[in-house]
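Since the structure comes first, as structure tokens, the remarks are kept for the end.
Numbering (the numbering used here), first residue to last: 35 to 248.
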């Protein structure tokens, strides 16, 4: 989605048309991927405010826009703003969609990621355990969302120094991702690479007498 296409949507249908808002959100995502945070934020705010006015504060599309804007804040290290917005979205999604809805779980996972980025491992872990356990019970162990939550919790445990638990959980994640997504899928490769690195670190620690035999 190009800026030219976005402007064409605006000209033909106006800014309040949902297709126009979707195109603006897509261009904003491209800006974020390229580190153009100011432009991404400007579009994110426009989309969010327009959807609030046209669709209402609790509409799923409005909540998605707020969640995306919070992610833009997080990616800039604007932790307080990101956290406040994520919490608002989570509370609204819990009330409107329910605790077990995938969109609610996504927002909880995003807040956990915000905590992890600040080294707030205990708070991140609590949320990630919630997300994984709910995903397991609602979506099943083989659902891609569940596998992502397993991967994220394993990384949090690793950063928190809980190496044994991290390695065991990542083993499960790699096996499931290999079975479901295939050995060459980027997500499988990412998890498998992390697992190999962690196992090598663990072996070096043990053989050098730094770690404990496990």
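Where is the CB? At the ideal position from N, CA and C, for every residue including glycine. For clarity, every value in this text was computed on a predicted model and none was experimentally measured.
**Report entry** Where residue 49 sits in the DSSP three-state scheme
**Finding:** coil
Query raised in the report: When the Cα atoms are used, what is the spatial distance from residue 57 to residue 48?
Result: 12 Å
Query - Buried or exposed (CB count within 10 angstroms, at least 16 for buried), residue 78 - result: buried
Query raised in the report: Are residue 109 and residue 82 closer than 9 Å when you measure CB to CB?
Result: no
Query raised in the report: Given residue 158, which residues of its chain have a CB within under 6 Å of its CB, disregarding the five upstream and five downstream residues?
Result: 146, 149, 150 and 190
Requested in this report: Return yes when the Cβ of residue 106 is within less than 9 Å of the Cβ of residue 139, no when it is not.
Outcome: no
**Report entry** Contact belief for residue 229 with residue 205 at Cβ below 8 Å, rounded distance in angstroms
**Finding:** 6 Å
Requested in this report: Could you check what DSSP says for residue 89 in three-state terms: helix, strand or coil?
Outcome: helix
Query raised in the report: Going along the chain, which residues of its own chain have a beta-carbon closer than 6 Å to the beta-carbon of residue 212, five neighbours each way excluded?
Result: 222
Query - For residue 235, the nearest candidate out of 38, 200, 92 and 134 (CA to CA) - result: 200
Query raised in the report: Does DSSP put residue 102 in a helix, in a strand, or in coil?
Result: helix
Query - 7 Å CB neighbourhood of residue 183 in its chain, flanking five on each side removed - result: 143, 162, 165, 166 and 169
Report task. Look up residue 197 in the DSSP assignment and say whether it is helix, strand or coil. Result -> helix
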